[in-house]
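Everything below concerns the one structure shown next.
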Amino acid sequence: LHALVQFCTHVWLSSFGEMERWRLEFLELIAKEFPTGEHKNWTTCKQLLPHIESLYKSSGQRIEKILGYQHRSILRSVNTLAVVLQYQGKYDEAERLNRRALEGYKKELGEQHPDTLRS
13 LHALVQFCTH VWLSSFGEME RWRLEFLELI AKEFPTGEHK NWTTCKQLLP HIESLYKSSG
73 QRIEKILGYQ HRSILRSVNT LAVVLQYQGK YDEAERLNRR ALEGYKKELG EQHPDTLRS
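Residues in the sequence shown are numbered from 13 upward in steps of one, following the numbering used here.
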C-alpha cells in the first residue's frame, strides 16, 4: 500500500473512530490465514511478518484489554506471533507465547479441541 494512501486511510478511520475495529479485523484475518510455516509457505510468511509485528506493537495490547486475555482472536494472534518470533530465532519468547496460547485454549475450549491441539 502506498504510504500516502496508508496515511490518508489511517486519518480517515481515526476521524470516524473506526481504527481499532479495523485493526482487530485485520488481526483476526491474519491470525486465521497465517501459513503453517511449512517450507512451501515461507514466502507468504516473510511478506506477512512485518505487518503482524507492526500491528501487535501498535495495538495488540489495547485490543487484548478490550476483548480480554482469553478471547479466541487474542489466543490465535498470540499463537501467530509466536510463529513469527520462532522464524526470527527468538525461541524463548516464542515458547512463552506458545505456552500462553496453549493455556488459554485449554481454559476456553478444552484440551481436545482442534485449536488447543494445534497450538
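Quick reminder that beta carbons are idealized off the backbone N, C-alpha and C, glycines included. Values in this document were obtained by computation on a predicted structure and should not be read as measured data.
message: Contact defined as beta carbons within less than 8 Å: I believe I42 pairs with I64. What is the distance between those atoms, to the nearest angstrom?
response: The C-beta separation of I42 from I64 comes to about 6 Å, placing the pair in contact by the 8 Å criterion.
- prompt: Relative to the alpha-carbon of E115, which residue among W24, E40, T55 and H83 has its alpha-carbon at the smallest distance?
  reply: Ranking the options by Cα distance to E115, first place goes to H83.
Closest by C-alpha distance to S66, when choosing among W54, N110, G29 and L39: Comparing Cα positions, the closest option is L39.
query: Which one of R88, A15 and E120 has the shortest CA to CA distance from L109?
result: Per the Cα distances, R88.
query: Among F28, A113, H14 and E37, which has the Cα closest to the Cα of T92?
result: Among F28, A113, H14 and E37, the Cα nearest to that of T92 belongs to A113.
task: Name the residue from L121, Y99 and L129 whose alpha carbon lies nearest to the alpha carbon of L60.
output: By alpha-carbon distance to L60, the top candidate from L121, Y99 and L129 is Y99.
- request: Let me know if A94 comes out buried or exposed under the rule of 16 or more other beta-carbons within 10 Å of its beta-carbon.
  value: By the neighbour-count rule (16 or more Cβ atoms within 10 Å), A94 is buried.
message: I need the straight-line Cα distance from H14 to G122, nearest angstrom please.
response: In a straight line, the C-alpha of H14 is about 43 Å away from that of G122.
query: DSSP on F28, reduced to helix/strand/coil?
result: Residue state for F28 is assigned as coil, using DSSP reduced to three classes.
message: For Y103 and V96, I'd like the C-alpha separation in whole angstroms.
response: Y103 and V96: Cα-Cα distance of roughly 10 Å.
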